[in-house]
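Peer 1: Encoded as C-alpha cells, here's the structure I'll be asking about.
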Amino acid sequence: MRNIAVLGATGSIGGNTLDVIARHPERFRASVLTAHRQVEALVALCVQHRPDLAVIADPALEADLSRRLTAAGVRCEIASGHAALTAAASGNLCDTVVAAIVGAAGLESTLAAARAGKHLLLANKESIVMAGPLLLHAVAAGGGALVPVDSEHNAIFQCLPGGRPDLRRSGVRRLVLTASGGPFRGRTRAELADITPDQACKHPNWVMGRKISVDSATLMNKGLEVIEAHHLFGAPAEAIDVVVHPQSLVHSMVEYVDGSVLAQLGNPDMRTPIAHALAYPERVDSGVAQLDLVQVASLSFEKPDYERFPCLALAMQALSAGGIASAALNAANEVAVEAFLERRIGFTDIAQTVAAVLDAVPNQRPDELATVLEADAAARRAAIDFIARRPIAGRTAVHRDRANRALQ
Ligand code: NAD
Ligand code: MG
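My numbering puts the sequence shown at residues 19 to 426.
Below you can see the structure in the form of C-alpha cells.
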C-alpha cells in the first residue's frame, strides 16, 4: 500500500491524481492533502479521501479549515503555512509525494520530499527549472526515485532504458519533445497582441490550471520543458529538439543512433502519466479511454515558430547561459503571466518582460538554494519594475484609460 501526499490536491494534476488513486484502493491511499487557499475544495477532498493530514498553505485559513472539517465529520491532523507543507512532504505520513503545486511555490516542498528519500512524482516543473542540479542531488542523497509526471518527460522516461541512463552509452542521439502549439498556433503576430486571458486558457487538447495554460499558449511551457528534459535526462541542449504536433497523441520521442525512434502515444489525459508514475515499475488502469488510431487517421508534425513565440527561444537562451538564468527566466515568466491574467499587460508583453529580465539580472553559479532564491527574488523585482515602466499598449491601454477616467 502506497501512502501518497498530494501537494496541490485542489489543482488539475491533484484532481487527476486523486482520480487514479481512488480507482485502486487496495494499492494507493491519499494520506496527505494540501492546498493554497481553497478551503472548501480541500474539505470536499478530505471527505472523499479521508487523509491523515490536511495542510492549507495560508495560515489565516487554518481555523476555517478546522471548523469545516469538524462540521463534515472528518477527523484528521490539520496544519498550515509553508513549514507545514515542507514537513508534510518529508514526514512519515507518506512514502510517495506528488509534487503538483504550481510555480516556484512548490520548490521547497519538492526538495524536502527528495531529501527525505520519498518516491517523488514530479509535476511541478518550475522546481527543476529553477534548481535542477540541487533537486537531482537531493534525490540521489535521499535515496528515493524521481518519476516525471509531465507528459513529455514521462513519455521519454518510458522510451529510455530503465532509470536515468547515460544517454551516450545507451545509444541515444536526441530527445524530441512534442508541443501542441497551443491555441494560437496559426495566429499572426498582430493577432497575438489582442489575446485575452480566457482565450489563452482555452487549450485545444488539455484541461489544465491557468498558469500552465498561458505557458502553453506562449510556448514558454515547451521552453521550461526543454530545460526540465536537460536536467532530468542529462541531455545537452543540442540533443533536445521540439516539434509541433497539434493532435497531442505522440507525447514525445527518443531517437537512437541506429535510426530507431521510440515514441509513447496515448490520448491527451494526464491520468496516463500519473498512473504510470504511481505504479512504476508496474502498470495499472488509469481510466483513460483507449486510443483509437483508425479514428485519429493521421498525425502531423511541423517546426515551431520561434519568432511568433519568442518564449521558446528565450528559454533555450537561458539554458545555454546556465547558472541562475533559468531561475530568472521562470520568475520573470511567473510575474508576467500573473500580470497578463489580471489584464495588466498584453499577451505579447509576457515575452518582452522575460527578455528584459534576462538582460537585467546578472548571472552566477547556483551552488546552494539561497543563491537560487535570491535570483528568483531579483528577477521578480526586475519584472515588476519592467511592467510598471513599460509603455502602455493595445487593449490594456484602453482598460487603463477607462480606469484613469473613472478615478478623475
Ligand atoms: P493548478 O493551478 O490547477 O493547481 C495548483 C495547485 O497548487 C492547487 O492545489 C493550489 O492550491 C496549489 N498552490 C498554488 N499556489 C500555491 C502556494 N503558493 N502554496 C501552496 N500551494 C499552492 O495547477 P496545475 O495545472 O495542476 O499544475 C500544477 C503543476 O503541474 C504545475 O507546475 C504545472 O506546470 C505542472 N503540470 C501540469 C499539467 C496539467 O495538465 N495541468 C501537466 C504537466 C505539468
Ligand atoms: Mg508537458
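Glycine is no exception: its CB is placed at the ideal position from the N, C-alpha and C atoms.
Quick one: residues in its chain with C-beta nearer than 6 Å to the C-beta of residue 273, no 5 flanking neighbours on either side, listed in chain order?
Peer 2: Stepping through the sequence shown from its first residue, residue 273 is reached at position 255. Contacts found: 191, 192, 279.
Peer 1: Ignoring anything shorter than 3 residues or poking outside the region 21-100, list the beta strand (DSSP E) runs there in chain order.
Peer 2: 46-53, 71-74, 95-98
Peer 1: Residue 340: buried (16+ other C-beta within 10 angstroms of its C-beta) or exposed?
Peer 2: The residue you call residue 340 lines up with position 322 of the sequence shown. Per the 10 Å Cβ criterion, exposed.
Peer 1: For residue 96, which option in 71, 104, 77 has the closest C-alpha, if you only look at C-alpha atoms?
Peer 2: Position 78 of the sequence shown, counted from the start, is the residue given in the question as residue 96. Looking at the Cα atoms, 71 is the closest of the given residues.
Peer 1: Quick one: what's got a C-beta closer than 7 Å to residue 333's C-beta in the same chain, skipping five residues either side?
Peer 2: Taking the sequence shown and counting its residues from 1, the one referred to as residue 333 is at position 315. Result list for residue 333: 238, 241, 242, 244, 245, 347, in chain order.
Peer 1: Please classify residue 198 as buried or exposed, where buried requires at least 16 other C-beta atoms within 10 Å of its C-beta.
Peer 2: On the sequence shown, position 180 is the one that residue 198 refers to. The residue is buried, with at least 16 neighbouring Cβ atoms inside 10 Å.
Peer 1: Output needed for residue 375: all residues of its chain with C-beta closer than 7 Å, excluding positions within five of it in sequence on either side, in chain order.
Peer 2: Stepping through the sequence shown from its first residue, residue 375 is reached at position 357. Cβ within range, chain order: 346, 350, 397, 400, 401, 404.
Peer 1: Do three or more CB pairs link the region 351-366 to the region 308-323 at distances below 8 Å?
Peer 2: no
Peer 1: Alpha carbon to alpha carbon, how far is residue 62 from residue 112? Give it in angstroms, no decimals.
Peer 2: As a working note, residue 112 is residue 94 in the sequence shown. As a working note, residue 62 is residue 44 in the sequence shown. So the alpha carbons of these two residues sit roughly 21 Å apart.
Peer 1: Report buried or exposed for residue 338, applying the criterion of at least 16 other Cβ atoms within 10 angstroms of its Cβ.
Peer 2: As a first step, residue 338 must be located in the sequence shown, where it is residue number 320. Exposed: under 16 other Cβ atoms inside 10 Å.
Peer 1: Sorted by chain position, which residues of the same chain lie with C-beta nearer than 7 Å to residue 366's C-beta, five sequence neighbours on each side aside?
Peer 2: Taking the sequence shown and counting its residues from 1, the one referred to as residue 366 is at position 348. Answer for residue 366: 210, 211, listed in chain order.
Peer 1: Run the CB neighbour count on residue 200, radius 10 Å, all protein chains shown included, and call it buried at 16 or more, exposed below.
Peer 2: Residue numbering aside, residue 200 sits at position 182 when the sequence shown is read from its first letter. Residue 200 comes out buried.
Peer 1: Is residue 178 near residue 149, with beta carbons less than 9 Å apart?
Peer 2: Here residue 178 refers to the residue found at position 160 of the sequence shown. Here residue 149 refers to the residue found at position 131 of the sequence shown. Contact: no.
Peer 1: Rounded to a whole number of angstroms, what is the C-alpha to C-alpha distance between residue 64 and residue 368?
Peer 2: As a first step, residue 64 is located in the sequence shown; it is residue number 46 there, counting from the start. As a first step, residue 368 is located in the sequence shown; it is residue number 350 there, counting from the start. Taking the straight line joining both Cα atoms gives about 37 Å.
Peer 1: Would you kindly work out how many angstroms separate the C-alpha atoms of residue 291 and residue 109, rounded to a whole number?
Peer 2: Here residue 291 refers to the residue found at position 273 of the sequence shown. Here residue 109 refers to the residue found at position 91 of the sequence shown. Near 25 Å, if we compare the C-alpha coordinates of residue 109 and residue 291.
Peer 1: Taking the CB atoms as reference points, tell me whether residue 152 and residue 386 lie closer together than 9 Å.
Peer 2: For this step, residue 152 is matched to residue 134 along the sequence shown. For this step, residue 386 is matched to residue 368 along the sequence shown. Annotated as proximal: residue 152 and residue 386, with beta-carbon spacing under 9 Å.
Peer 1: Check for me: the beta strand (DSSP E) holding residue 258 runs from which residue to which?
Peer 2: Here residue 258 corresponds to residue number 240 of the sequence shown, with the count starting at 1. From DSSP, the beta strand (DSSP E) with residue 258 extends over 258-262.
Peer 1: Between residue 293 and residue 252, what straight-line distance do the alpha-carbon atoms span, to the nearest angstrom?
Peer 2: Working through the sequence shown from its first residue, we reach residue 293 at position 275. Working through the sequence shown from its first residue, we reach residue 252 at position 234. Going from the Cα of residue 293 to the Cα of residue 252 covers about 24 Å.
Peer 1: Just to confirm the assignment, what range does the beta strand (DSSP E) spanning residue 278 have?
Peer 2: To locate residue 278, count along the sequence shown from 1; it is residue 260. Annotation for residue 278: no beta strand (DSSP E) segment contains it, and DSSP assigns it neither H nor E.
Peer 1: From residue 33 to residue 225, what does the alpha carbon distance come to, in whole angstroms?
Peer 2: Counting from 1 along the sequence shown, the entry for residue 33 is found at position 15. Counting from 1 along the sequence shown, the entry for residue 225 is found at position 207. If you take the alpha carbons of residue 33 and residue 225, they lie about 11 Å apart.
Peer 1: Can you tell me which of the three DSSP states residue 114 falls into?
Peer 2: Start at 1 with the first residue of the sequence shown, and residue 114 comes out as number 96. Three-state result, residue 114: strand.
Peer 1: What are the residues that DSSP puts in a beta bridge with residue 271?
Peer 2: Your numbering for residue 271 matches position 253 in the sequence shown. As a beta-bridge residue in DSSP terms, residue 271 pairs with 194, 281.
Peer 1: How many whole angstroms separate the CB atoms of residue 163 and residue 138, which I take to be in contact at a CB cut-off of 8 Å?
Peer 2: The count along the sequence shown starts at 1 and reaches residue 163 at position 145. The count along the sequence shown starts at 1 and reaches residue 138 at position 120. At roughly 7 Å, the Cβ-Cβ gap stays under 8 Å, so residue 163 and residue 138 are in contact.
Peer 1: State buried or exposed for residue 188, treating a residue as buried only when at least 16 other CB atoms are found within 10 Å of its CB.
Peer 2: For the purposes of this step, residue 188 is taken as the residue at position 170 of the sequence shown. The residue in question, residue 188, is exposed, as its Cβ has fewer than 16 Cβ neighbours within 10 Å.
Peer 1: Taking the DSSP output, what are the residues bridged to residue 164?
Peer 2: Here residue 164 refers to the residue found at position 146 when the sequence shown is read from its first residue. Bridge partners of residue 164: 138.
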